[in-house]
Every structure is written in structure tokens, then in C-alpha cells.
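Enquirer:
Protein chains: 2
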Amino acid sequence: MAVIVQKYGGSSLADAERVRGVAQRIAASRGADTGVVVVCSAMGDSTDDLLALSRSVAKAPVEREVDLLLSTGEIVSCALVAMALNDMDCPAVSLTGLQAGIQTESLHGKARISEVAPDRIRTELDAGRVAVVCGFQGVTEEQEVTTLGRGGSDTTAVALAAALGAERCEIYTDVEGIFTADPRIVPDARKLDEIDYEEMLELAASGAKMQPRSIELGELYNIPILVASTFSEAPGTLIHREAGMEVRSKVRGVASDTNVAKVTVLGVPDRPGIAAAFFEPLAVAGVSVDTIVQNTSVDNLTDLSFTVARTDVEKTLPLVRPVAQEIGARGVTHDEALAKVSVVGTGMQNSPGYASTMFRALAAAGVNIEMITTSEIRITCIVSDEQSAEAVRALHRAFELDLP
Amino acid sequence: MAVIVQKYGGSSLADAERVRGVAQRIAASRGADTGVVVVCSAMGDSTDDLLALSRSVAKAPVEREVDLLLSTGEIVSCALVAMALNDMDCPAVSLTGLQAGIQTESLHGKARISEVAPDRIRTELDAGRVAVVCGFQGVTEEQEVTTLGRGGSDTTAVALAAALGAERCEIYTDVEGIFTADPRIVPDARKLDEIDYEEMLELAASGAKMQPRSIELGELYNIPILVASTFSEAPGTLIHREAGMEVRSKVRGVASDTNVAKVTVLGVPDRPGIAAAFFEPLAVAGVSVDTIVQNTSVDNLTDLSFTVARTDVEKTLPLVRPVAQEIGARGVTHDEALAKVSVVGTGMQNSPGYASTMFRALAAAGVNIEMITTSEIRITCIVSDEQSAEAVRALHRAFELDLP
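From first to last, the protein sequence lines stand for chains X and R. So for the first sequence, the numbering used here puts the first residue at 1; every next one is plus one. So for the second sequence, the numbering used here puts the first residue at 405; every next one is plus one.
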């Protein structure tokens, strides 16, 4: 039996009417020889509502309990979707992460899937039922409930597609696909028909709307991922390996992310092992460090700057300050009002002209660059939060992304 | 280690402030050599809210999915209580029905606990943590989530107390204990200091506020159950086996239940096996039939009346009508506007005067009696819903329950 995995995001399930709409879509896509596995996020803003609730009962809610609390959001949406499907005579059953066999490591709040044991899902598919699986959640070997971090339902969907040998994974959301830039910032941004995993990975990591790990998994298991709108029949964007030749060697999009904070340790003694002393405790605490820049050493002292998600600053500073003190650094400063803008495209590394075009365009728009990093297919500048939208628009124009 | 089980109802956990208040209570009751297991219901009206949500997506929500949906209510409240406890430096961990080892039969919506495997709870208690267990829910052998029916958290609490050999089970609620009648109906109703299981069972089954199965379990395993208020330090009512001699041979309370409907099958041929034909399908569907009355047979035809919860009428009629037609009964009628009033006391069976006092008091109050049933320790009359409050007040007066 061919299998398709469909994932529906929170805005697609925001109220009872949308839940019924999603159920209709699912029922229509079910065929005699195609099994459908559905992955749901929590309804609308319910994850944020649950987080607010947790903070109303505890100053520092224990992460293990936060995970269990948040897992209820997806159980609610999945049970409702399964009810709506059954009500329209489409047999369906909802499955928690545990029931669906989503096993994870035990890092609460950001667990990684260690294994998928899809026996129960296969049983349901063989019985002709749609399996509606709770995204974003899993269980450890000790049956402790974990969550996979923001956007984790994308990863659930792609992991299930890989484990089930699905033909493709369809991600339904409130936008029509992947654009050359965020259409809310750049009105003439164009929708891309296809994109390869690497490019999508950079766009996602730089602020577009899929969890990066889901793209990595898609690439690893070669699962074609379709990103499309729940609310229209437009064809969406296909993320896959063999993107057409004509799209190579070109800037494909501009991404931005305003959830960026910079932490700077001033006057760090320049000797081996210092970086590890800072970054190991952060890794243990599950804080992702993004861009790292170390200035030229003067008098054997250096300034070490790095960026983290703004939402991780509160966790980061108490981990960094004692280390700074211990090694005799001069101090720790931070700036929470930053953003990241990136231009992304597969052929960029071989064409140094892209970097200068980028810097020139930002300069012309009066945007100051705080930090720069590059990868094989991306150039990223850290700029002030306030100027990020203008920076994105300037880059979209400079690289002529509005032209097909 | 001595173990105490405490159960907190939905109104005790209605908002963040009450959750913190409950956490303080729990933390205070924890001793160096006393382990505390807490059972929580869903917050405030959240179970009703979830039921309303289910009906907004499906005309007839599948019960298996309703159970999974409802189970989230208790997960939310337990995770919050555990967070609040940890936040006040009282180590605690919340456990779902599955994690707590609550195994049930597979009747959705009204499952019975088949086994409690409290290994995980013991591990947590041994580690010095409070175990906060989701009431009302369990899992089948196939790891399907079930619920135990209205008030099921009481049964969870007593079952855990039995499995853990707890010293006692404390049920915290929004009233100060068990009263001689509902104080909202009878202002001078008195709180009872103690009561035995049988009496409480009749009071609970007749409309007081604990799930009857929890009392049965308490009696079976001889677990003293204290019913007390979350919001005061008043001593509550102790339900236990050795209730003082002086409370015997006396009416202990008046109970009422307005969730009563009567179904009457008219002109039933009076032959063996007829009753089974009606009641077997109801049992399979999980409908509890309460009072059953069959009138004297005239011309070999009889009228068969029985009561069910008003909320079960919609389920009952479609199961009764085809049987009535098949056996050639004249028709099926029903009356949903009924109530049940009972006087309860251990010594009643040996004192026939109680029945006549009851009927005389009701007659004097102008209350018409539709049906009568009795048990060893109870006399129950089915009356019109409208007259039930007046009936309760009349009986409370007639049996002088306002006097100590």
C-alpha cells in the first residue's frame, strides 16, 4: 500500500470549522490503495496558551512537566480531527506519540527522535483507517513524554514518512509554499515551484517556517516534501533532491529571523580551551549557539561574540557569566534587538560577486552590519532588528528576486 | 514508608491561584516518613469545555476519541500542580494514567480499573517526590486511553490507596464533608463527622458527590476515606467501617438526584426472558439502569418501567424501541423531568416505621410518588423534578435531621 503523510499546522486547525475543513481534505485524499497518515499540531495558539498557564503557576516551570503539559495540545487536535473524520464516514484513529511509536532521547523541550516503531500505524492503515498522529511529541524509553521543540510536528511528519517508506510528505500550512522572501515584508516576493533540501535548510534555519531537522531528515531519507496551503488548491513548493538545472547558481531567496540576540564576552584571555569552556555548558542546557565571531586578539585579550535565540538569553547569561569571571574576562554584554538576514542559493560559493552585491545593497539602504557568516550556499548578516525588514527588501531588489 | 493519597476535584483547581493553593496544602502535608500521592481532576469546567468542543466537530463523536480528548484535562491539571510544587521546592512529578500503571477494561467512557501497577509511583515516593497522578483515566492492555466516567478521579484515588496500602484516602472538594442533605436545598442540613461505607454508597448513588465505585472499593479494601474542603481546615467527614454505635438505627441523610428519566414499555407480553431482551443491549452499551418496576399483569400484558440517567435517554430509546416492536409491545414512552429522593440509614430495614414516615411527609408536602424502591439501608421515591427540592426539605424535617 502506498502511503502519504500529511501534516497540518496550528493555524489550519484553529477552530472547529477549520478542523472539519481539514478532515474533508484528508478524506478526499484517501484512495483505495493509498494509506494516509496525518500529523497535527496543536490548535491555533494553544501551545502558547499552555505555556502562559505554566508560567502562571510557577516562576520556573520544570521542563519535564512543561513537556507533558504541552503534549496535550496535539492530543486535543488529533482527537478532534479523528472525530470529524469518523463523522464523515472516513474511519480514523488518533494516536499519541507513544501509541504511534515515536521514541526520543530524553532532552526535554528539544528532544530528538531516536527511533520510529510504526507497527500500530501500519495496523491502522491495513485496517483501512487514517492514522492521525500527534506531532511535536514522543516518549523516552522510560515512557516519559518529550517534545521536539518549536516546529517539531514537521519533524514528526518527515520521520514518519521515512519510517513508513511514504511516497511523499505534504506539509499544509497557512501560506502557499516557499517564497523568495517573506511576503509580509516583501510584497512582490515570488513563490518557488521547487527547491532543494540544502537551500530549504538555509531558508528554514534563517527564519522560514519549517523545523530545520525536518528538512535534514527529508534529505537523509530522500523524502520529497510538498509545502502547500491548507486553504487553497495552489500547487505549493516541492522540496526534493533533483531540483531543475536552471535553478542552480542563483540566489533563490532572502530569509530573515528576528529572534536573535548577541552575547559578547569582553577581554577574554586568548588561550586554547576557552571557547569550549563557554559553549559546553550551553550545549548541555540545550541552547543552540548560532553565529560565533572572535575579534583579533590585542594584548592577548580578545572579544568573543555569539548569537543565540532571543528566547534563550535568560538561560544563556547565567551559564556564561560564571565562566567569564572564572577565566578573568572583563565582562559580559548582550544585545537582544538583533536580526539575521541571509541570501541563499546553491551556486553562491563559486561566485564571490554575491557577497559584494549583498554588502553594497545593505550599505545603500543604510543598514549597519554587526556580524557576518557564510556557508556554502548562504551569506548571513546580523543587523539591528529595526532595520531587518528594510534589509530584506533591499536584498530582494538587488538580486532581482521579483523576476521569474 | 506510610502513604497518604489526596484527591483534589476540579473546583479546587479552577485557576492558577487555586492550583498554587493546592500545592501549598500538599507540600505542608508531606512528612519525612509520609509519602504523598495526589490525584487531580481536570481544572474547573474543562471537561465540559472539551465535550462541547467534541460536539462542535462531530455530530456523534466516537467514544474512543472522546476518551483520549478528555484525558488531556487531567494531564494539564497534574502537570501544573507538579510545576507549582517544584516551584516551592517540594520535589514532585506528574504521571499520566499510563505512567501511573492504571490499567482498565476497554469500555470507553465508563471503563473499570482492572489492575493498578504502582511501580513507578513507588519509585517516585522512594526518591522523596510527590506523585501527582491524573485521575479519571487509565489505559487498556493495548495502551488505549480510557476514562472512568463522571467522578472517576475518586475511584482512581481509592484504587491507588488500596494498591499502595495507604493509611487513608483524602478527598478534597468544595464542600466541608457529607451532609444530612444538600445544603443548597436544605439550609439547616448538618455535616456528619463519620459515616459507614454502605450509607455513603447510598448517599453517593443517590446524588451526593462521590463516584459510587470509589466507595465500594474503599469498603472492599477497608480504606478510610476523608471527605473535606480544600478551602478550609474543618475536619470533614470520615467514611469508614467502624462508625460509632450511636449513629446506627437512624436515618442519616436525605439524598436527591435530578438526573433521572423514566422509560416505560407499554403492553409487554408477560413471559420469561422479556426483561433480559431489554436490559442486555443497555448493559452492552454501558447504560446503567437504576430502578425497575413492573406492574401487575393484566390480560397477560404488563407495563415495564425503569429509570436511567437523563443524559442516557438518547442512547436508551433507540435500543429499547426495536425490542419493544419485536416482542409486540404496545409502545414506548418516556418522562425526562423526574428526580430521585432517598432517605438513608443503616438500621432502616428493621424499622418499618421509616417508610410510612417518608410517604406521609411527602403526601403532606403535596409530592406525588411515581415509583418506589428500597434497599437494606435506603428508601427511594421517584418524584417530579419540580417537586424534588420540596420533597428533600420535607423529609429532612420529618426525620429531624437538623437536630444533632
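We treat Cβ as the ideally placed atom computed from N, Cα and C, and that holds for glycine.
1) Verify the CB distance criterion: does Val461 (chain R) have a CB-CB separation below 8 Å to chain X?
2) Output, in chain order, the set of chain X residues within a Cβ distance shorter than 7 Å of Val423 (chain R).
3) When we look at the beta-carbon of Thr311 (chain X) and count the other beta-carbons within 10 Å, is it buried (16 or more) or exposed?
4) Hey, would you say Ala431 (chain R) sits closer than 8 Å to Met487 (chain R), going by beta carbons?
5) Tell me which residues share the same chain as Val717 (chain R) and place their Cβ nearer than 8 Å to its Cβ, disregarding the 5 neighbours each side in the sequence.
6) Rounded to whole angstroms, what is the Cα-Cα separation between Glu105 (chain X) and Thr147 (chain X)?
7) Would DSSP call Ala166 (chain X) helix, strand or coil?
8) Do you know how far the Cα of Val383 (chain X) is from the Cα of Ile369 (chain X)?
9) Is Ala733 (chain R) closer than 8 Å to Ser792 (chain R) when the C-beta atoms are compared?
10) Could you tell me the boundaries of the alpha helix (DSSP H) in which Gly671 (chain R) lies?
11) Mapping the DSSP letters down to three states, classify Val745 (chain R) as helix, strand or coil.
12) Identify whether Leu511 (chain R) lies in helix, strand or coil by the three-state DSSP scheme.
13) Excluding sequence positions up to five away, which residues of its chain have a Cβ less than 6 Å from the Cβ of Cys482 (chain R)?
14) Tell me, please, which residues DSSP counts as bridged to Arg782 (chain R).
15) Could you check what DSSP says for Asp493 (chain R) in three-state terms: helix, strand or coil?
16) Give the straight-line distance between the Cα atoms of Gly9 (chain X) and Arg18 (chain X), rounded to the nearest whole angstrom.
17) What does the alpha-carbon distance come out to for the pair Ala802 (chain R) and Gly757 (chain R)?
18) Are any of the Cβ atoms in chain X nearer than 8 Å to that of Pro465 (chain R)?
19) Could you please give the first and the last residue of the uninterrupted alpha helix (DSSP H) stretch that includes Gln325 (chain X)?
20) How long is the line joining the alpha carbons of Arg190 (chain X) and Asp402 (chain X), rounded to whole angstroms?
21) Drop a sphere of 10 angstroms on the beta-carbon of Ala127 (chain X), count the other beta-carbons inside from all chains shown, and report buried for 16 or more, exposed for fewer.
22) How about Gln99 (chain X): is its C-beta nearer than 8 Å to some C-beta of chain A?
23) Between Leu362 (chain X) and Glu386 (chain X), what straight-line distance do the alpha-carbon atoms span, to the nearest angstrom?
24) For Ala111 (chain X), which residues from the same chain have a beta carbon less than 7 Å from its beta carbon, with the 5 sequence-adjacent residues on both sides left out?
25) Can you look up Asp578 (chain R) in the DSSP assignment and give me helix, strand or coil?
26) Would DSSP call Thr544 (chain R) helix, strand or coil?
27) When DSSP labels each residue in this structure, what does Gly31 (chain X) get in the three-state scheme?
28) In the structure shown, what three-state DSSP assignment does Gly366 (chain X) receive?
29) For Pro212 (chain X), count neighbouring C-beta atoms within 10 Å of its own C-beta (all shown protein chains included) and say buried if the count is 16 or more, exposed if not.
30) List the residues of chain X that Gln547 (chain R) touches, going by C-beta distances under 8 Å, in chain order.
31) Extract the residue ranges of the alpha helix (DSSP H) inside the stretch 576 to 647 of chain R, only unbroken runs of 4 or more that lie entirely within it.
32) Taking the beta carbon of Lys476 (chain X) as the centre, do at least 16 other beta carbons fall within 10 Å, making it buried, or is it exposed?
33) Helix, strand or coil for Asp385 (chain X)? Go by DSSP, reduced to three states.
34) Can you tell which of X:Ala32, X:Thr47, X:Leu85, X:Val287 has the C-alpha that lies nearest to the C-alpha of Gly21 (chain X)?
35) Could you tell me whether any Cβ in chain X is nearer than 8 Å to the Cβ of Asp491 (chain R)?
36) Which first and last residues belong to the beta strand (DSSP E) in which Thr711 (chain R) is found?
Expert: By the coordinates alone:
1) yes
2) Val57
3) exposed
4) no
5) Ala665, Val667, His738, Glu740
6) 10 Å
7) coil
8) 5 Å
9) no
10) First-last for Gly671 (chain R): 657 to 673, but that is the beta strand (DSSP E), not the alpha helix (DSSP H).
11) strand
12) coil
13) Cys444, Ser498, Val536, Cys538
14) R:Val748, R:Ser779
15) coil
16) 11 Å
17) 12 Å
18) yes
19) 313 to 326
20) 6 Å
21) exposed
22) Of the protein chains in the structure, X and R, none is chain A.
23) 14 Å
24) Thr104, Glu105, Gly138, Thr146, Thr147, Leu148
25) coil
26) coil
27) strand
28) coil
29) buried
30) Leu98, Gln99
31) 601 to 609, 616 to 624
32) Shown here, chain X extends from 1 to 404; a query on residue 476 (chain X) therefore has no answer.
33) helix
34) X:Leu85
35) yes
36) 705 to 713
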